[in-house]
Amino acid sequence: MDATSPDKIIVEGFQHFFETADGPVQATGLIDLKIPAAEFVTLVGPSGCGKTTLLKAIAGFITPTRGRIVCDGKTVTGPGRDRGVVFQELAILPWRTVRRNIGHGLEIAGVPKAERERTVARLVALTGLKGFEDRYPHELSGGMRQRVAVARTWAADPDIILMDEPFAAVDAMTRLTLQEELASLTFSTRKTVFFITHSVDEAVFLADRVLVMSKRPGRIKASIEVPRRKAGGRDWESFTTDPEMQAICEQVLRLVRDERMDGAARPGETPDPLKEAS
Amino acid sequence: MSDAKPVRTDTLTWKLLPALPFVALIAGWSIYWLIARPPVGTLPPAWAVTEALWQLAADGELLQNTLASLGRLLLGTTVGVVTGVVGGFLVGLNRRAADFLNPLVVFFNAISGIVWLPLMIGWLGIGTALVVFLIWNTVFFLVFQNTVLGVRLVPPVLEQSVETLGGSRLHIILNVTLPGALPYILSGIRSGLGFGWRALIAAELVGATVGLGQMIFRAAEFHRADIIIAGCLVIGLLGVLMDRYLLAPIEKHTIERWGLVTPSRGI
Numbered sequence: 078m079d080a081t082s083p084d085k086i087i088v089e090g091f092q093h094f095f096e097t098a099d100g101p102v103q104a105t106g107l108i109d110l111k112i113p114a115a116e117f118v119t120l121v122g123p124s125g126c127g128k129t130t131l132l133k134a135i136a137g138f139i140t141p142t143r144g145r146i147v148c149d150g151k152t153v154t155g156p157g158r159d160r161g162v163v164f165q166e167l168a169i170l171p172w173r174t175v176r177r178n179i180g181h182g183l184e185i186a187g188v189p190k191a192e193r194e195r196t197v198a199r200l201v202a203l204t205g206l207k208g209f210e211d212r213y214p215h216e217l218s219g220g221m222r223q224r225v226a227v228a229r230t231w232a233a234d235p236d237i238i239l240m241d242e243p244f245a246a247v248d249a250m251t252r253l254t255l256q257e258e259l260a261s262l263t264f265s266t267r268k269t270v271f272f273i274t275h276s277v278d279e280a281v282f283l284a285d286r287v288l289v290m291s292k293r294p295g296r297i298k299a300s301i302e303v304p305r306r307k308a309g310g311r312d313w314e315s316f317t318t319d320p321e322m323q324a325i326c327e328q329v330l331r332l333v334r335d336e337r338m339d340g341a342a343r344p345g346e347t348p349d350p351l352k353e354a355s
Numbered sequence: 005m006s007d008a009k010p011v012r013t014d015t016l017t018w019k020l021l022p023a024l025p026f027v028a029l030i031a032g033w034s035i036y037w038l039i040a041r042p043p044v045g046t047l048p049p050a051w052a053v054t055e056a057l058w059q060l061a062a063d064g065e066l067l068q069n070t071l072a073s074l075g076r077l078l079l080g081t082t083v084g085v086v087t088g089v090v091g092g093f094l095v096g097l098n099r100r101a102a103d104f105l106n107p108l109v110v111f112f113n114a115i116s117g118i119v120w121l122p123l124m125i126g127w128l129g130i131g132t133a134l135v136v137f138l139i140w141n142t143v144f145f146l147v148f149q150n151t152v153l154g155v156r157l158v159p160p161v162l163e164q165s166v167e168t169l170g171g172s173r174l175h176i177i178l179n180v181t182l183p184g185a186l187p188y189i190l191s192g193i194r195s196g197l198g199f200g201w202r203a204l205i206a207a208e209l210v211g212a213t214v215g216l217g218q219m220i221f222r223a224a225e226f227h228r229a230d231i232i233i234a235g236c237l238v239i240g241l242l243g244v245l246m247d248r249y250l251l252a253p254i255e256k257h258t259i260e261r262w263g264l265v266t267p268s269r270g271i
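Chains as they are written, first to last, in the working numbering: chain A, 78 to 355; chain B, 5 to 271.
What follows is the structure, given as structure tokens:
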């Protein structure tokens with residue numbers, strides 16, 4: 078038992094292969110990773126580098142081909158309510174109202190109705206969904222649906238929250254608001270968050286630490302600390318005018334672009350995954 | 005432009021418009037009858053059919069036959085829907101169950117219908133069991149196949165999301181898979197009910213002593229085309245009413261309310 082470990086999530090010697098008709102295809106390179114409790118970690122990397130594979134493995138939806146994942150001292154063997162997931166797709170249930178979607182986790186846990194309603198009301202207020210409690214998801218805008226998905230995960234109160242490009246499908250203006258709200262929400266609830274994104278700005282804005290993944294089969298090639306958020310979270314106005322933050326953005330961007338530009342083999346780079354796999 | 009008046013007229017027009025083909029049919033039939041004067045045993049006029057209908061209603065025969073038919077339809081359809089949905093879930097959720105049951109279902113689906121009749125008369129006798137079996141035999145396959153499709157089309161991410169909330173397998177089946185598959189299940193029930201009516205009338209021709217099918221069959225022996233057409237009218241009307249006042253409200257309060265399908269009306 079390493080329950081005393083400060084690390085909430087430990088990824089150890091992780092490597093994953095997908096079985097296809099043409100044999101196994103390597104989805105990720107060798108990954109070792111430790112995420113301490115209450116840290117907000119974002120992961121950026123080129124398409125198909127295995128970001129989602131890693132997240133799904135931590136969530137427990139896929140069993141690693143090699144290595145293991147330990148959350149709270151226990152090896153992950155399947156999904157569980159200690160690890161909430163906010164999916165890129167709108168994974169809230171169309172047949173439940175906003176209220177019943179947000180309270181779903183509590184309903185499963187058998188929390189009495191009155192207490193459930195209190196938690197739902199608190200999250201409805203926090204996520205700006207007041208007045209929409211009895212609407213069905215199809216009656217809401219994309220941004221509001223994403224808020225419901227976030228609120229549902231928070232209401233179930235997991236220690237760990239995994240987010241897979243949750244704001245990719247909403248418009249740019251709404252995204253800025255959602256990011257600010259998420260920053261203050263995680264700050265006030267002290268969750269351990271693992272957040273995948275394509276956007277460098279988003280990654281730096283939200284994170285305590287940004288991880289950059291190489292192209293497929295992805296490894297973690299860099300880990301960049303972002304100075305601690307001030308109380309009450311961040312806002313985009315001060316973020317875009319903060320030279321320190323902008324310098325970090327540039328650094329991350331350079332690392333990410335490196336991965337996208339060099340199609341040609343470079344010394345030290347991983348060879349073509351398909352060739353390696355066969 | 006956006007006056008309330010034209011909108012209201014428009015709504016009313018669209019409400020009445022579906023009756024137009026029926027009116028045209030009756031008008032064409034009446035005109036043809038007045039010109040050609042076919043023998044009433046072959047084609048009676050519309051007013052003779054109305055009279056026959058009135059007569060049947062007045063002496064209680066219509067009610068008795070209708071209730072007998074509706075009871076069988078309800079029983080056969082209920083058994084068909086329940087077994088179809090349960091079977092569809094088994095096969096839709098479980099690959100092994102699918103491999104095991106699919107050949108069986110395809111095999112028996114091929115010999116569905118009237119083919120069973122001569123055998124079943126010997127096995128079940130003439131009566132409710134026979135009629136219910138024939139209705140079940142029609143409804144089951146339609147509901148089953150639609151349910152399998154519906155279950156398979158529920159996005160896995162919805163089930164996964166509830167898994168991360170701590171939902172058990174049973175909780176997910178009841179709260180995610182079932183409502184997610186409902187548009188297809190209801191579509192299966194709708195076709196099942198329609199074809200169930202057909203099976204019912206066919207089965208009643210030989211397998212019952214009362215019922216709308218039996219009423220039509222007996223009328224045929226006496227060349228009472230007016231009663232035959234009156235029976236058809238009742239069957240068709242009941243079909244429309246059941247769709248409108250049974251299925252359509254269910255759809256309105258579930259899959260339409262949830263935004264899974266766009267709203268539409270009965271007829």
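Even glycine gets a Cβ: it sits at the ideal position worked out from N, Cα and C.
Taking 8 Å as the threshold, find out whether the segment 264 to 276 of chain A comes into contact with the segment 232 to 247 of chain A through three or more Cβ pairs. yes
Which class does A:Gly-219 belong to by DSSP, given the choice of helix, strand or coil? Indexing the first sequence from 1 puts residue 219 of chain A at position 142. In the displayed model, A:Gly-219 falls within a helix according to three-state DSSP.
Quick one: give me the first and last residue of the alpha helix (DSSP H) that A:Pro-113 is part of. To locate residue 113 of chain A, count along the first sequence from 1; it is residue 36. No alpha helix (DSSP H) holds A:Pro-113; the beta strand (DSSP E) holding it covers 100 to 113.
Have a look at A:Ala-233, A:Leu-259, A:Pro-189 and A:Val-303 and flag the residue whose alpha-carbon is nearest the alpha-carbon of A:Gly-220. Within the first sequence, the letter at position 143 stands for residue 220 of chain A. Of A:Ala-233, A:Leu-259, A:Pro-189 and A:Val-303, the residue nearest in Cα terms is A:Leu-259.
In its own chain, which residues sit with a C-beta less than 6 Å from the C-beta of A:Val-225, not counting the 5 before and 5 after it? In the first sequence, counting from the first residue as 1, residue 225 of chain A sits at position 148. Taken in chain order, the residues that qualify are Ile-169, Val-175 and Asn-178.
For chain A, find out if any of its Cβ atoms is closer than 8 Å to the Cβ of B:Arg-261; answer yes or no. Numbered from its first residue, the second sequence carries residue 261 of chain B at position 257. Using beta-carbon distances, B:Arg-261 counts as an interface residue toward chain A, with a partner under 8 Å.
So that I know if they touch, is there some Cβ in chain A lying closer than 8 Å to that of B:Thr-168? Within the second sequence, numbered from 1, the residue matching residue 168 of chain B stands at position 164. Answer yes: the Cβ-Cβ gap between B:Thr-168 and chain A drops below 8 Å somewhere.
What number of angstroms, rounded off, separates the C-alpha of B:Arg-248 from the C-alpha of B:Thr-87? For the purposes of this step, residue 248 of chain B is taken as residue 244 along the second sequence, with counting starting at 1. For the purposes of this step, residue 87 of chain B is taken as residue 83 along the second sequence, with counting starting at 1. Rounded to the nearest angstrom, the two C-alpha atoms are 24 Å apart.
Near B:Leu-67, what residues of its chain come up, given a Cβ to Cβ distance below 6 Å and the 5 sequence neighbours on each side ignored? The sequence position of residue 67 of chain B within the second sequence is 63, counting from 1. The answer is none, since no qualifying residue turns up.
Within the 8 Å Cβ cut-off, does B:Val-265 reach chain A? The sequence position of residue 265 of chain B within the second sequence is 261, counting from 1. For B:Val-265, the answer is no, since every Cβ of chain A falls outside 8 Å of its Cβ.
Count the other CB atoms within 10 Å of the CB of A:Gly-340; is the residue buried (16 or more) or exposed (fewer)? In the first sequence, counting from the first residue as 1, residue 340 of chain A sits at position 263. With a pLDDT of only 49 at A:Gly-340, under 50, the local geometry of the prediction cannot be trusted, and the value read off the model is given with reservation. That one is exposed.
Pull out every residue of the segment 15 to 26 of chain B whose Cβ sits closer than 9 Å to any Cβ of chain A, in chain order. none
Taking its Cβ as the centre, do 16 or more other Cβ atoms sit within 10 Å of B:Tyr-188, making it buried, or is it exposed? In the second sequence, the residue the question calls residue 188 of chain B occupies position 184. With 16 or more other Cβ atoms within 10 Å, it is buried.
Kindly indicate if chain B contains any beta-carbon less than 8 Å away from that of A:Phe-50. The structure shown does not extend to residue 50 of chain A, since chain A spans only 78 to 355, so no value can be given for it.
Can you find a C-beta in chain A that's less than 8 Å from the C-beta of B:Ser-165? To locate residue 165 of chain B, count along the second sequence from 1; it is residue 161. It does: the Cβ of B:Ser-165 has a partner Cβ on chain A nearer than 8 Å.
I want to see whether chain B comes within less than 8 Å of A:Glu-314, judged by CB atoms only; does it? Your numbering for residue 314 of chain A matches position 237 in the first sequence. So, not an interface residue.
Use the C-beta contact count for A:Lys-250: other C-beta atoms within 10 angstroms, 16 or more gives buried, fewer gives exposed. For the purposes of this step, residue 250 of chain A is taken as the residue at position 173 of the first sequence. In the sequence as displayed, the identity of residue 250 of chain A is Met instead of Lys. It counts as exposed.
Residues bridged to A:Ile-86 [DSSP beta-bridge criterion]: Within the first sequence, the letter at position 9 stands for residue 86 of chain A. According to DSSP, A:Ile-86 bridges with A:Ile-112 and A:Cys-148.
Pick from A:Pro-294, A:Ala-280, A:Ile-86 and A:Trp-313 that is closest to A:Glu-301, judged by C-alpha positions: The residue labelled residue 301 of chain A in the question sits at position 224 within the first sequence. Reading the sequence as shown, one finds Ile at residue 301 of chain A and not Glu. That would be A:Ala-280, whose Cα lies nearest to the Cα of A:Ile-301.
C-beta neighbour in chain A for B:His-257, strict 8 Å: Indexing the second sequence from 1 puts residue 257 of chain B at position 253. Closer than 8 Å: no.
Secondary structure, alpha helix (DSSP H): runs of 4+ residues fully inside the segment 142 to 214 of chain A: Runs found: 175 to 179, 181 to 185 and 190 to 203.
If you measure from the beta carbon of B:Leu-97 to each beta carbon in chain A, is any gap under 8 Å? By 1-based counting over the second sequence, the position of residue 97 of chain B is 93. Using a CB distance cut-off of 8 Å, B:Leu-97 does not count as an interface residue toward chain A.
Step through the CB atoms of chain C and report whether any lies within less than 8 Å of the CB of B:Val-161. Absent here is chain C; the protein component of the structure consists of chains A and B.
What's the C-alpha gap between B:Val-89 and B:Asn-69? Residue 89 of chain B sits at position 85 when you count from the first residue of the second sequence. Residue 69 of chain B sits at position 65 when you count from the first residue of the second sequence. Looking at the two C-alpha atoms, the distance is approximately 30 Å.
Euclidean distance between Cα positions of B:Gly-192 and B:Phe-144: As a first step, residue 192 of chain B is located in the second sequence; it is residue number 188 there, counting from the start. As a first step, residue 144 of chain B is located in the second sequence; it is residue number 140 there, counting from the start. Going from the Cα of B:Gly-192 to the Cα of B:Phe-144 covers about 9 Å.
Three-state secondary structure assigned by DSSP to A:Phe-138: Numbered from its first residue, the first sequence carries residue 138 of chain A at position 61. Residue state, collapsed to three classes: coil.
At the 8 Å Cβ level, is A:Ser-355 part of the contact set with chain B, yes or no? Locating residue 355 of chain A in the first sequence gives position 278, counting from the first residue. Here the model assigns A:Ser-355 a pLDDT of 36, short of 50, so the residue's position is not dependable, and the following value carries that caveat. So, not an interface residue.
Mind pulling the chain B residues with CB within less than 7 Å of A:Phe-244? Position 167 of the first sequence, counted from the start, is the residue given in the question as residue 244 of chain A. Near A:Phe-244 there are no residues of chain B at all, since even the closest Cβ is about 16 Å away, more than 7 Å.
What are the boundary residues of the alpha helix (DSSP H) that includes A:Ala-299? By one-based count along the first sequence, residue 299 of chain A stands at place 222. A:Ala-299 -> not in any alpha helix (DSSP H); beta strand (DSSP E) instead, spanning 297 to 302.
Return the chain-ordered list of same chain residues with a C-beta closer than 8 Å to the C-beta of A:Leu-253, the five sequence neighbours on each side being excluded. The residue you call residue 253 of chain A lines up with position 176 of the first sequence. Cβ neighbours of A:Leu-253 beyond the five flanking positions: Trp-313.
Chain-ordered residues of the segment 33 to 50 of chain B with a beta carbon less than 9 Å from chain A: none
Tell me, please, which residues DSSP counts as bridged to A:Phe-94. Position 17 of the first sequence, counted from the first residue, corresponds to residue 94 of chain A. Under DSSP, A:Phe-94 forms a beta bridge with A:Gln-103.
Taking the CB atoms as reference points, tell me whether A:Glu-116 and A:Arg-311 lie closer together than 8 Å. Here residue 116 of chain A refers to the residue found at position 39 of the first sequence. Here residue 311 of chain A refers to the residue found at position 234 of the first sequence. In this structure, A:Arg-311 does not lie closer than 8 Å to A:Glu-116 by Cβ.
Look at the alpha carbon of B:Arg-76 and the alpha carbon of A:Pro-156, and state the distance between them as a whole number of angstroms. Along the second sequence, read from residue 1 onward, the residue named residue 76 of chain B stands at position 72. Along the first sequence, read from residue 1 onward, the residue named residue 156 of chain A stands at position 79. Distance between the alpha carbons of B:Arg-76 and A:Pro-156: 47 Å.
According to the Cβ coordinates, are A:Lys-133 and A:Ile-112 closer than 8 Å? Translated into positions along the first sequence, residue 133 of chain A becomes position 56. Translated into positions along the first sequence, residue 112 of chain A becomes position 35. For A:Lys-133 and A:Ile-112, no; Cβs fall outside 8 Å.
DSSP three-state assignment for B:Leu-44, whether helix, strand or coil: The residue you call residue 44 of chain B lines up with position 40 of the second sequence. What sits at residue 44 of chain B in the sequence shown is Val, not Leu. DSSP places B:Val-44 in coil when its eight states are reduced to three.
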